[in-house]
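Heads up: the protein sequence lines correspond to chains S and F, in order.
Start counting the first sequence at 4; every next residue gets the next number (this note's numbering).
Start counting the second sequence at 74; every next residue gets the next number (this note's numbering).
Take a look at the structure set out below.
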Amino acid sequence: MSVSILGRLLGVTMGITAGALLLSGCGDGGGGSSASSGGNVIPIGEYASLTGKEATFGQSSHSGTLLAVEEINAAGGVLGKKLELKTEDTQSKAGEPATVVRKLITRDGVVAVLGEVASSRSLEAAPIAQQLKVPMISPSSTNPKVTEVGDFIFRVCFIDPFQGTVMANFAWNTLKVRKVAVLTDVKSDYSLGLAQFFVERFKQLGGQIVAEQSFSGGDKDFKAQLTAIKASGPDGLFVPAYYTDVGLIARQAKELGINFPLFGGDGWESPKLIEIGGEAIEGKFYSTHYSPEDPSQSVRDFVTRFKARFKGEVPDAMAALGYDSVMVLVDAIKRAGSAEPAKIRDALAQTKDFEGVTGKTTIDAQRNASKAAVIITVKNGQFAFVEKVNP
Amino acid sequence: MSEFLQQFLNGLALGAIYALIALGYTMVYGVLRFINFAHSDIFMVGAFAAYYFSNWFGRFLPPSSVLGATIITLASMAACALLGVVIEKLAYRPLRDRSKLNVLITAIGVSLFLEYAGQLWFGADPKTFRLLPSQNVHVGDLVLNSNQLIVFGMTLILLLALRFIVMHTRIGTAMRAVSFNHQAAALMGINIDSIISFTFALGSALAAAGGILYAMNYPAIDPLMGVLPGLKAFVAAVLGGIGNIPGAALGGVLLGLVESFVRGSRFSTYADAIAFAILILILLFRPAGILGKRVVEKV
């Protein structure tokens with residue numbers, strides 16, 4: 004017990020020391036930042052979970068972002084200046100986003116911040132971007148609360164009320180389930196929000212929620228919850244959680260002899276889902292933002308370019324949204340004719356029908372984008388496209 | 074009723090793993106009177122050792138075969154036993170005659186070192202772990218997984234082996250003597266250093282076995298995977314009476330059962346809170362733990 008307390012104390016002490024170093028660096032950093040934004044580059048910041056529990060989210064998103072920045076620079080940059088991408092790792096940990104975003108803005112002097120995938124971590128960084136008046140674009144945080152933080156916070160993906168509705172309709176119409184159990188991660192705003200919107204819609208359709216169980220992200224043992232769920236006799240289980248947990252949940256469900264369908268949201272999107280879940284994840288469904296199998300020309304081109312740049316890796320939704328977040332930002336900088344944060348913000352708010360890889364992006368009054376969702380299943384150890392649902 | 078039995082089985086499997094880790098805490102405490110906080114990270118290293126061994130040996134020794142799995146497990150246990158001995162020699166032995174608090178802080182340091190060095194060497198993202206194929210066994214309404222059965226079997230075998238070593242061998246007798254009184258044991262010609270090294274080797278090997286069993290049941294391993302099970306095993310050791318070997322096993326199983334039943338109820342979010350609340354309650358009413366004896370400290 005005391006190891007964690009002492010460990011935390013140690014962590015706090017180190018944090019304070021690091022903070023003090025940061026502050027002491029601020030004096031000259033402030034001068035440096037204005038110099039760099041006046042120079043030949045436009046610095047933009049990115050914070051992502053490159054390591055830790057949601058590492059594939061951050062890595063995919065970062066690859067997409069990187070590809071977009073490289074393409075823009077190869078084509079001559081924006082307003083005659085090159086983009087300079089500064090990336091920080093949040094290690095999939097609470098507490099990191101606030102620190103790294105403050106550093107990106109105050110020390111590196113970035114004109115806009117891109118990130119994060121996980122809603123809880125976007126929610127942590129958003130107040131800082133808002134307070135320092137630098138626009139932040141989240142590529143794939145779907146919890147509605149993220150953009151409610153303030154008028155400098157945007158996103159280029161759909162939000163959970165839509166995703167919850169899509170999955171409720173899918174469960175009701177396609178899977179034909181009537182009694183559903185829900186298993187939520189209480190540590191994640193994303194999971195709680197998505198569960199709530201799903202339940203609302205599913206009840207509206209006339210469905211019944213027979214069990215609501217919860218766990219805390221990072222848990223390894225779900226058998227107790229799954230046993231209780233199984234005993235409540237549902238014919239489907241909705242798991243709005245992230246892929247590491249979902250992989251283990253699917254395996255343990257199989258070990259308990261559960262054979263009703265499992266389905267979830269875009270938090271499942273990762274090759275690790277199949278690696279951890281193994282054959283237990285076969286035939287399960289989730290909703291996400293895009294499918295690399297989409298036949299449209301822009302998606303096919305994007306997949307080809309992405310594969311060429313990243314050794315044949317197929318871009319997932321996080322990569323596509325990371326790419327689009329840069330493109331939307333660049334479009335706004337062009338229309339603003341300036342790389343000043345406040346002007347970029349105003350231009351971002353007027354983004355209309357911007358053609359990206361993940362479809363048309365129009366920023367609405369709540370600074371959200373409304374986009375189509377796709378439903379994916381796992382077939383023979385591969386992700387397979389099922390259907391596309393327009394808003 | 075079948076739900077109750079199923080939860081009971083789930084809890085038993087979880088508790089068996091806590092028991093294996095708790096044994097290491099309790100043995101080191103018995104001999105040295107301090108809590109080796111790095112123990113939970115040796116548990117993690119055990120799982121990673123098995124992960125790398127199964128990748129290396131995988132070509133000529135399939136990890137899905139019984140022989141392959143046994144050799145991989147034994148190799149990981151040996152590697153962790155060695156790690157435990159090295160840690161004791163480098164970090165704890167030089168401080169043995171200082172205040173107990175110094176060693177305790179050092180143990181926390183070693184624990185953090187292993188966790189963060191692990192993130193550097195193994196990477197922070199979870200790795201998938203495969204050993205032996207998993208199969209379901211149906212008994213009426215109950216479902217038992219082959220991995221759970223292995224956990225029961227292994228825990229039982231290791232417990233009996235440990236009991237045999239401690240109660241019926243010369244080195245076990247020496248361990249008990251050292252635990253009773255260092256100076257008197259040394260005067261009787263027992264080499265204290267080697268007995269303590271042996272205790273660490275034994276405890277660390279058990280932690281490695283626990284780590285592998287844990288990874289077989291929950292096949293996503295990461296460098297921080299030891300933190301929570303380690304904490305719970307520590308609770309289990311205190312619950313049973315720290316320094317008492319059957320107590321640690323009992324404490325582990327009890328904690329696993331409580332956790333399983335709480336998680337399966339409407340209060341699943343509070344499972345950890347309840348586990349620790351039980352610790353506080355037991356310590357209020359039985360400060361020495363369930364099987365612990367009250368010892369009067371001589372000053």
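Where is the CB? At the ideal position from N, CA and C, for every residue including glycine.
Contacts between A197/F and chain S, judged by CB atoms closer than 7 Å, involve T54, G55, A58 and Q94 in chain order. Here K173/F carries a helix assignment [DSSP, helix/strand/coil].
For H211/F, the secondary structure class from DSSP, reduced to helix, strand or coil, is strand.
At least one CB of chain F lies nearer than 8 Å to the CB of V189/S. Short of 8 Å from the beta carbon of L156/F, and not among the five residues preceding or following it, lie these beta carbons of its own chain, in chain order: I115, V118 and S277. For R158/S, the secondary structure class from DSSP, reduced to helix, strand or coil, is strand.
In this structure, the alpha-carbon of F155/S lies about 10 Å from that of I347/S.
Per DSSP, the beta-bridge partners of K363/S are E358/S. Under DSSP, V331/S forms no beta bridge with any residue. For K190/S against Y291/F, the beta-carbon gap comes to about 17 Å, at or over 8 Å, which does not count as contact. Minimum Cα-Cα distance from L235/F among the listed residues A120/F, I94/F and N83/F corresponds to I94/F.
Put simply, the CB of P135/F is far from chain S, with every gap to its CB atoms at 8 Å or more.
The beta carbon of I265/F is closer than 7 Å to those of V251, H255, A258 and A259 in its chain, skipping five residues each way along the sequence. With fewer than three CB-CB distances shorter than 8 Å, the segment 110-124 of chain S does not count as touching the segment 71-79 of chain S. Within the DSSP bridge table, the entry for K382/S names Q385/S as partners. Close to E285/S, with beta-carbon spacing below 8 Å, lies no residue of chain F; the smallest spacing is near 15 Å. Judged by beta-carbon spacing, G337/F lies beyond the 8 Å limit of A184/S, meaning their Cβ atoms are not closer than that value. Taking a C-beta distance under 8 Å as the contact criterion, A122/F and S184/F do not qualify as a contact pair. Its Cα nearest to that of R243/F, the residue S267/F stands out among I230/F, S267/F, V224/F and L229/F. Here the C-alpha atom of F358/F lies approximately 11 Å from the C-alpha atom of L312/F. The beta carbon of A339/S sits no closer than 8 Å to any beta carbon of chain F. Three or more beta-carbon pairs separated by less than 8 Å link the segment 159-174 of chain S to the segment 320-329 of chain S, which places the two stretches in contact. Only those residues of the segment 355-366 of chain F whose C-beta falls short of 8 Å from the nearest C-beta of chain S would be listed, and there are none. Counted as a single uninterrupted DSSP element, the beta strand (DSSP E) harbouring A51/S occupies residues V44 to A51. Restricting attention to beta strand (DSSP E) runs no shorter than 3 residues, the segment 119-184 of chain S encloses them at 139-141 and 156-158, ordered along the chain.
Residue pairing by DSSP places V377/S opposite T291/S and K391/S in a beta bridge. The beta-carbon distance between D269/S and T90/S, rounded to whole angstroms, is 22 Å. This is too long to meet the 8 Å contact definition. For Q134/S and T109/S, the gap between their C-alpha atoms comes out near 12 Å.
In this chain, the beta strand (DSSP E) harbouring A214/S covers Q211 to F218. Look at the segment 331-348 of chain F: the residues with a C-beta under 9 Å from a C-beta of chain S are E332, S333, F334, V335, R336, G337, S338, R339, S341, T342, A344 and D345. The bridge partners DSSP lists for I294/F are K200/F.
The Cβ of G67/S sits no closer than 8 Å to any Cβ of chain F. Cβ-Cβ distances below 6 Å link A214/S to A184, I232 and S235 in the same chain, with the five nearest sequence neighbours on each side left out; the list follows chain order. In the structure shown, A372/S falls within a strand segment according to DSSP collapsed to helix, strand and coil.
Under the DSSP definition of a beta bridge, T307/S lacks any partner. Note on P243/S: 16 or more other CB atoms within 10 angstroms of its CB, so buried under the neighbour-count rule.
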